[in-house]
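Participant:
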Amino acid sequence: MSDVAIGIHDVTKRFGRTVAVKNATLEISQGEFFSLLGPSGSGKTTLLRIIAGLEAPDGGRVTIAGKDVTDLPPYARGVGMVFQDFLLFPHMTVAENIQFPLRMQHANRATRDERLAWIVKLLRIDGLEGRFPHQLSGGQQQRVALARGLISRPALLLLDEPLANLDRELRKEMEVEVRRYQRELGIPFVYVTHNQEEALTMSDRIAVMRAGGFEQVAPKLDVYIAPATAFVASFVGHANRLRGNLRDGMLDWKGHRLALPKIEGATDGDAIDYFIKCEHLTIAPAGTSVGANLNRVDGTIRDIIFKGQVADHLVVLGDGTEIVVSEAASLPRVKAGDAVSITWAPDAGRSFRALDT
Amino acid sequence: MRNRLTPITLGTMLVALYLFLFAPVIYLVYASFARDTVWPFPWHFTVAGYVDLAGARAYQQALWNSVVLASAAAFLAMALSAMGSIAVLKYRHRWRGAFAIIIVSPMFVAELLIGISTLIFNRKVLGLPGNMGSAIVANAVHGMAFGFLIMLAQLVRYDWRLDDAAQVFGAGPYRTFWYVTLPNIWPAMLGAFVLSFLLAFNNLEISFYNLGAIPTLPSLAWGSLRYGLKPELFALAALVNGVVFAAFAVIYALMRTGLVRFGYRGI
């Protein structure tokens, strides 16, 4: 398939006794925005460094644009990269930093200047060319790092948590912009992050990683709506985990009998983790009549945390368990201390057989 | 209750401190211009010592030998300590602690012993006579230990991931060093060079045993002591101090005017 821009075939990497990446196999298409999402230590950065050539895999092959690059050093791979902490060269001006990849390719001065003019315009950093990195703000450094990664029009761009050091407002803005550059340039971006919002905002597809392996590789909506494993269900989005036992096809959770989607191969008495996203729960004053086919638990509102568009309602059940319900905050029908009912459609949640604690 | 120092107390203390530090040097310069260097009171100005020094071929030859010895030894020491510090800091090997200790170990050996053992080893095992080459190498080993520590202290701040970045953007190992590493670490290398140069230039024991009959400034000065303190010795000492002082004054002026930053970027 000629559409495959990056191929990772059965790649494994060990550091001493820890396995950082194990048997990873993945294909990323031309023009795709692909995110590697996982907690720290899940192997996502190691996998990115293997694609860049900064780490040599212990096993497996890496291809870029159909060519096996596994044994090539980083400087022969022709990839662009944006590093965490930017890693701008402190002794070079902005222009020298951005033009560095072209200089290493022995591009002539005219080409270098023409490309520089193009990229500073694209990234809106014109006027900063003569400054040194330490004279720039975090957001400007970020754009310079992006410009340096893109100026040579690489076959792909690797991004290693590039927005992690920016403040929240700037990060939101850059998420949209990074996505826009990827669309305009039409090259694949491989984006490493531990921030699910970033991954969900920008990506076409997401690979959720844990302990060196892929938990799920799927379009972002699938990852969000239909998590393949309990880990994905708990890591992506904000969900309540209800752990109980299967009884007569229902979930017996702390004395509540709840309907749940069928689980293949589960039998009576099995321990079950049922995940329901906070925004799929509905809150109503106690006593409101509810549909017969909805799950329902009753409790008291302990606190309401206002977040803007939504508010997190912390509801304490009779036995002290806390459930978080995200609802629009615009109509405050309830307040702290109120007795409420929480209801939801059973198939809005996902159930898995509980594996470990 | 006021327990702050009054300006007068503070001033007196400062003057006393600087006198303690520099009185010998000032006296030396003062005496070098005196007709009687042994007891230069009252002072009769003369430059006879300097004239003697300029006319003494032995001193000129010794100065030349010292400069050659110190430059070559310092260059070697700088290169070795740069390689050592990069090895220890960039490639975080399991045994890097042991490696670092081996590099600094010449510091703990008395210079006299380095001199004698190098001489004996070269003579008995390698069959080499003592000459400029072996003196340069022996001094470089000594300078490397100090240069390594200087570079280590400065390079802990260097982010070696910059080398990764250079490689990803198409620079091979040599161009990575030339375009990215070197421009960032040269002030540390210069520091190692200057220190090794001064150590080798002023060194008596290591050089003396390896050089045999070839004179350096310290060995000549030491040898001439046996015939009493001559005026040209005062002139020589004053000149060496003057050159060092001038060098630091120039560096200070350059940094103040921003012409040279030595890697300092006001971060």
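Chains as they are written, first to last, in numbering that gives the first Met the number 0: chain A, 0 to 356; chain B, 0 to 266. Beta carbons: idealized from backbone N, C-alpha and C, even for Gly. The model shown is predicted, which means the values in this text are computed figures rather than measured ones.
Should L16 of chain B be labelled buried (16 or more other beta-carbon atoms within 10 Å of its own) or exposed?
Facilitator: Walking along the second sequence from the start, residue 16 of chain B turns up at place 17. Exposed is the call here.
Participant: Applying a beta-carbon distance threshold of less than 7 Å, which residues of chain B neighbour P100 of chain A?
Facilitator: Reading the first sequence from its first residue, position 101 is the one you call residue 100 of chain A. Under the 7 Å cutoff, chain B gives F168, G169.
Participant: Buried or exposed: which applies to P56 of chain A, given that a residue is buried once 16 or more other Cβ atoms fall within 10 Å of its Cβ?
Facilitator: Numbered from its first residue, the first sequence carries residue 56 of chain A at position 57. Burial call: buried.
Participant: Where do the ends of the beta strand (DSSP E) carrying D70 of chain A lie?
Facilitator: For the purposes of this step, residue 70 of chain A is identified with residue 71 of the first sequence, where counting begins at 1. No beta strand (DSSP E) contains D70 of chain A, which DSSP labels as neither H nor E.
Participant: In the segment 177-191 of chain B, which residues sit with their C-beta less than 9 Å from some C-beta in chain A, listed in chain order?
Facilitator: Listed in sequence order: Y178, V179, P182, N183.
Participant: Listed in chain order, which residues of the segment 63-74 of chain A have Cβ atoms closer than 8 Å to some Cβ of chain B?
Facilitator: Listed in sequence order: P72, P73, Y74.
Participant: Would you say M0 of chain A faces chain B, with C-beta separation under 9 Å as the test?
Facilitator: Along the first sequence, one-based indexing puts residue 0 of chain A at 1. Since pLDDT at M0 of chain A reaches only 44, below the 50 mark, its modelled position is unreliable, and the value read off the structure follows with that caveat. Output row for M0 of chain A: interface = no.
Participant: Does the CB of R160 of chain B have a neighbour CB from chain A at under 9 Å?
Facilitator: Numbered from 1 along the second sequence, position 161 holds the residue referred to as residue 160 of chain B. By this cut-off, R160 of chain B is an interface position.
Participant: With a threshold of 9 Å between beta carbons, is V191 of chain A in contact with chain B?
Facilitator: Position 192 of the first sequence, counted from the start, is the residue given in the question as residue 191 of chain A. No, no contact with chain B.
Participant: Quick check on the DSSP output: what are the complete alpha helix (DSSP H) runs of length 4 or more inside the segment 185-256 of chain B, in order along the chain?
Facilitator: For the segment 185-256 of chain B, whole alpha helix (DSSP H) runs of length 4 or above, ordered along the chain, are 204-210, 216-223, 230-255.
Participant: Kindly list, in the order they appear in chain B, the residues whose Cβ is closer than 9 Å to that of F88 of chain A.
Facilitator: Counting from one through the first sequence, the residue named residue 88 of chain A turns up at place 89. Neighbours of F88 of chain A on chain B, chain order: L161, A164, A165, Y178, V179, P182, N183.
Participant: Relative to the C-alpha of S288 of chain A, which candidate in A:R13, A:G126, A:V235, A:S340 has its C-alpha closest?
Facilitator: Numbered from its first residue, the first sequence carries residue 288 of chain A at position 289. Among A:R13, A:G126, A:V235, A:S340, the Cα nearest to that of S288 of chain A belongs to A:S340.
Participant: At what residue ranges does the segment 6-49 of chain B contain a whole run of the beta strand (DSSP E), taking only runs of 3 or more?
Facilitator: The qualifying runs do not exist here; there are none.
Participant: Using a cut-off of 7 Å between C-beta atoms, extract the partners of Q104 of chain A located in chain B.
Facilitator: Position 105 of the first sequence holds residue 104 of chain A. Chain B residues near Q104 of chain A: G169.
Participant: Let me check understanding here. Comparing Cα to Cα, which of B:A212, B:L88, B:I115 lies closest to A61 of chain B?
Facilitator: Position 62 of the second sequence, counted from the start, is the residue given in the question as residue 61 of chain B. Selected option, being the one with the closest Cα: B:A212.
Participant: Give a yes or no on contact between the segment 219-227 of chain B and the segment 42-50 of chain B, applying the rule of three or more CB pairs nearer than 8 Å.
Facilitator: In short, these stretches do not touch, since the Cβ pair count stays below three.
Participant: Ordered along the chain, which non-local residues of its own chain (more than five positions away) have a Cβ less than 8 Å from that of V239 of chain B?
Facilitator: Translated into the one-based positions of the second sequence, residue 239 of chain B becomes position 240. Correct list, in chain order: L216.
Participant: Using a Cβ-Cβ cut-off of 8 Å (strictly less than) and excluding sequence neighbours within five positions of F88 of chain A, which residues of its own chain qualify?
Facilitator: Position 89 of the first sequence, counting from 1, holds the residue named residue 88 of chain A. Answer for F88 of chain A: E95, N96, F99, P132, listed in chain order.
Participant: Could you check the C-alpha separation between F176 of chain B and P260 of chain A for me, to the nearest Å?
Facilitator: One-based indexing of the second sequence puts residue 176 of chain B at position 177. One-based indexing of the first sequence puts residue 260 of chain A at position 261. F176 of chain B and P260 of chain A: Cα-Cα distance of roughly 60 Å.
Participant: Measure from the C-beta of R152 of chain A to each C-beta in chain B and report whether the shortest distance is under 9 Å.
Facilitator: Stepping through the first sequence from its first residue, residue 152 of chain A is reached at position 153. With 9 Å as the cut-off, R152 of chain A does not count as an interface residue toward chain B.
Participant: Between R174 of chain B and chain A, is the shortest Cβ-Cβ distance under 9 Å, so that the two count as touching?
Facilitator: Within the second sequence, the letter at position 175 stands for residue 174 of chain B. R174 of chain B counts as touching chain A.
Participant: Could you tell me how far apart the beta carbons of S31 of chain B and A237 of chain B are, in whole angstroms, since I believe they sit closer than 8 Å?
Facilitator: Here the question's residue 31 of chain B lines up with position 32 in the second sequence. Here the question's residue 237 of chain B lines up with position 238 in the second sequence. Confirmed, Cβ separation roughly 4 Å.
Participant: Since L25 of chain A meets chain B, which of its residues come closer than 9 Å, beta carbon to beta carbon?
Facilitator: For the purposes of this step, residue 25 of chain A is taken as the residue at position 26 of the first sequence. Neighbours of L25 of chain A on chain B: none; closest Cβ ~20 Å, over 9 Å.
Participant: At a CB-CB cut-off below 8 Å, which residues of chain B make contact with L361 of chain A?
Facilitator: The structure shown has nothing for residue 361 of chain A, since chain A only spans 0 to 356.
Participant: Tell me which same chain residues have a C-beta within less than 7 Å of the C-beta of N201 of chain B, skipping the five on either side of it?
Facilitator: For the purposes of this step, residue 201 of chain B is taken as residue 202 along the second sequence, with counting starting at 1. Once the five neighbours on either side are set aside, the close Cβ partners of N201 of chain B are P217.
Participant: Along chain B, which residues have their Cβ under 8 Å away from the Cβ of F82 of chain A?
Facilitator: Start at 1 with the first residue of the first sequence, and residue 82 of chain A comes out as number 83. The answer, in chain order, is R160, D163, A164.
Participant: What is the rounded straight-line gap between the Cα of D297 of chain A and the Cα of S325 of chain A?
Facilitator: The sequence position of residue 297 of chain A within the first sequence is 298, counting from 1. The sequence position of residue 325 of chain A within the first sequence is 326, counting from 1. Their backbone Cα atoms lie some 16 Å apart in a straight line.
Participant: In the DSSP assignment, the alpha helix (DSSP H) including E31 of chain A goes from what residue to what residue?
Facilitator: For the purposes of this step, residue 31 of chain A is identified with residue 32 of the first sequence, where counting begins at 1. No alpha helix (DSSP H) holds E31 of chain A; DSSP gives it neither H nor E.
Participant: Find the residues of chain B that neighbour V20 of chain A, judging by a C-beta separation of less than 7 Å, and give them in chain order.
Facilitator: As a working mapping, residue 20 of chain A is identified with position 21 in the first sequence. By Cβ distance, chain B contributes nothing, its closest Cβ being about 18 Å from V20 of chain A, past 7 Å.
Participant: Taking DSSP as the reference, what is the three-state secondary structure of S286 of chain A?
Facilitator: The sequence position of residue 286 of chain A within the first sequence is 287, counting from 1. The question names Ser, but residue 286 of chain A is Gly in the sequence shown. Coil.
Participant: Leaving aside the five residues before and after G185 of chain A along the sequence, list all residues of the same chain whose C-beta is less than 8 Å from its C-beta, in chain order.
Facilitator: Within the first sequence, residue 185 of chain A is the residue found at index 186, counting from 1. Closer than 8 Å at Cβ, skipping near neighbours: Q29, G30.
Participant: Kindly give me the distance between the Cβ atoms of A81 of chain B and A139 of chain B, rounded to whole angstroms, as I take these residues to be in contact under 8 Å.
Facilitator: By one-based count along the second sequence, residue 81 of chain B stands at place 82. By one-based count along the second sequence, residue 139 of chain B stands at place 140. That belief does not hold up - the Cβ atoms of A81 of chain B and A139 of chain B are roughly 13 Å apart, past 8 Å.
Participant: Using three-state DSSP, classify T92 of chain A as helix, strand or coil.
Facilitator: By 1-based counting over the first sequence, the position of residue 92 of chain A is 93. Reduced to three states, the DSSP call for T92 of chain A is coil.
Participant: May I have the straight-line CA-CA distance separating A246 of chain B from A252 of chain B, to the nearest angstrom?
Facilitator: Walking along the second sequence from the start, residue 246 of chain B turns up at place 247. Walking along the second sequence from the start, residue 252 of chain B turns up at place 253. Cα to Cα, A246 of chain B sits roughly 10 Å from A252 of chain B.
Participant: Helix, strand or coil, according to DSSP, for E196 of chain A in the structure here?
Facilitator: Taking the first residue of the first sequence as 1, we reach residue 196 of chain A at position 197. Reduced to three states, the DSSP call for E196 of chain A is helix.
Participant: Note the first and the last residue of the continuous alpha helix (DSSP H) segment covering D163 of chain B.
Facilitator: Counting from 1 along the second sequence, the entry for residue 163 of chain B is found at position 164. Looking at the DSSP string, the run of the alpha helix (DSSP H) that includes D163 of chain B is 160-167.
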